[in-house]
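One line per chain: the protein sequences are B and U, in this order. Positions 74 to 184 (this note's numbering) are the ones given, in order, by the first sequence. Positions 935 to 1048 (this note's numbering) are the ones given, in order, by the second sequence. Yeah, the Cβ is synthetic: ideal placement off N, Cα and C, and Gly gets one too. Values in this document were obtained by computation on a predicted structure and should not be read as measured data.
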Amino acid sequence: LAKTTQPISMDSYEGQEVNITCSHNNIATNDYITWYQQFPSQGPRFIIQGYKTKVTNEVASLFIPADRKSSTLSLPRVSLSDTAVYYCLVAVYNQGGKLIFGQGTELSVKP
Amino acid sequence: DAGVIQSPRHEVTEMGQEVTLRCKPISGHDYLFWYRQTMMRGLELLIYFNNNVPIDDSGMPEDRFSAKMPNASFSTLKIQPSEPRDSAVYFCASSSELTGAEQYFGPGTRLTVT
């Protein structure tokens, strides 16, 4: 069965680049990898999604190696407002379209 | 669009009572998801619908939980009877695709069962 693994927590300082890696074994070749951000008392919010190689949008980049067994969310120049929990989500077609969230990485950005 | 709407935002009930959570997805979205979030278990997918039809309910904890989607603009998650271990935040989300498109989450319903 597919499973996702993320670090429980990370600390950073304002202005630094933060990289959060999610390991996902057994995902099929056509599974998307999606990352969400969640602030306290709010629902998760979409950040970025990728299928292979590299994807970049206005807030983040997503790096996916050729074997697709992991993915790395990169947040450039974080600010205090980036303090949140970050989840990776894998859609697993070979398990009947199951959606599996990672346990989340709590990012704390300090001044 | 107002986004995904959930009600109530907070619910406090006594063990044994029936609880009904409500969700209005974004218009035009064909997929609706119900999630539960707790400190211990994180974010769990309970069930999802495609075009009002339940597709995967393998995440529903037990027979006390049931979900319906009578039309494209409304869904309910019912717990009967409720138990203290059901205390959690329940999120509803909708999307235009199962994957390949972002899910839009509602603000959640915080359920406390005493």
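- Are B:Glu87 and B:Pro149 touching if we call contact CB-CB under 8 Å? Cβ atoms of B:Glu87 and B:Pro149: not closer than 8 Å.
- Message: List, in chain order, every chain U residue whose beta-carbon is nearer than 8 Å to that of B:Tyr105.
- Response: Within chain U, the residues near B:Tyr105 are Thr1033, Gly1034.
- Message: Can you find the residues in the same chain that come closer than 7 Å, C-beta to C-beta, to B:Arg141, ignoring five residues on each side of it along the sequence?
- Response: Cβ neighbours of B:Arg141 beyond the five flanking positions: Ile100, Lys125.
- Which residues bound the beta strand (DSSP E) around U:Ala1022? Note, U:Ala1022: beta strand (DSSP E), 1022-1029.
- Message: Could you tell me the alpha carbon to alpha carbon distance between U:Glu952 and U:Leu966, rounded to whole angstroms?
- Response: U:Glu952 and U:Leu966 have their C-alpha atoms some 22 Å from each other.
- Message: DSSP three-state label for U:Pro1015, please.
- Response: U:Pro1015: coil per DSSP, three-state reduction.
- Item | Assigned secondary structure, B:Ser154 (DSSP; H/G/I helix, E/B strand, else coil) | DSSP places B:Ser154 in the helix class (H, G or I) of the three-state scheme.
- Query: Are the C-beta atoms of B:Tyr160 and some chain U residue less than 8 Å apart?
  - Reply: The beta carbon of B:Tyr160 falls within 8 Å of a beta carbon belonging to chain U, placing the residue at that interface.
- Message: Tell me the rounded alpha-carbon separation between U:Leu979 and U:Gly993.
- Response: Taking the straight line joining both Cα atoms gives about 6 Å.
- Item | Residue closest to B:Pro138, alpha-carbon to alpha-carbon, out of B:Glu131, B:Gln89, B:Leu146 | Shortest Cα-Cα distance from B:Pro138 to any of B:Glu131, B:Gln89, B:Leu146 involves B:Leu146.
- Can you tell which of B:Ile93, B:His97, B:Asp84, B:Ser85 has the C-alpha that lies nearest to the C-alpha of B:Thr185? Since the first residue shown for chain B is 74 and the last is 184, residue 185 of chain B is missing from the structure and cannot be characterised.
- DSSP beta-bridge partners of B:Asn98: The partner list for B:Asn98 (beta bridge, DSSP) reads B:Lys76.
- Task: If I'm right that U:Thr1048 touches U:Pro1018 with Cβ under 8 Å, what's the distance once you round it to whole angstroms?
- Result: With a Cβ gap of about 7 Å, U:Thr1048 and U:Pro1018 count as contacting.
- Query: Checking contacts by CB at 8 Å: is U:Gly962 closer than that to chain B?
  - Reply: Chain B, which has no Cβ nearer than 8 Å to the Cβ of U:Gly962, makes this no.
- Distance, B:Tyr109 Cα to B:Lys115 Cα: What sits at residue 115 of chain B in the sequence shown is Gln, not Lys. Going from the Cα of B:Gln115 to the Cα of B:Tyr109 covers about 12 Å.
- Message: Any beta carbon of chain B sitting closer than 8 Å to that of U:Phe1039?
- Response: Answer yes: the Cβ-Cβ gap between U:Phe1039 and chain B drops below 8 Å somewhere.
- Under 6 Å Cβ to Cβ from U:His944, same chain only, skipping five residues before and after it: list those, please. Closer than 6 Å at the Cβ level, and outside the excluded window around U:His944, lie Arg1044.
- Message: Between the alpha carbons of U:Ser1000 and U:Leu1032, how many angstroms are there, rounded?
- Response: Going by C-alpha positions, U:Ser1000 is about 21 Å away from U:Leu1032.
- When the cut-off is 8 Å and only beta carbons count, does B:Phe119 lie next to chain U? True, the Cβ-Cβ gap to chain U drops below 8 Å.
- Query: Is DSSP giving B:Phe112 helix, strand or coil here?
  - Reply: Three-state DSSP puts B:Phe112 in coil, outside helix and strand.
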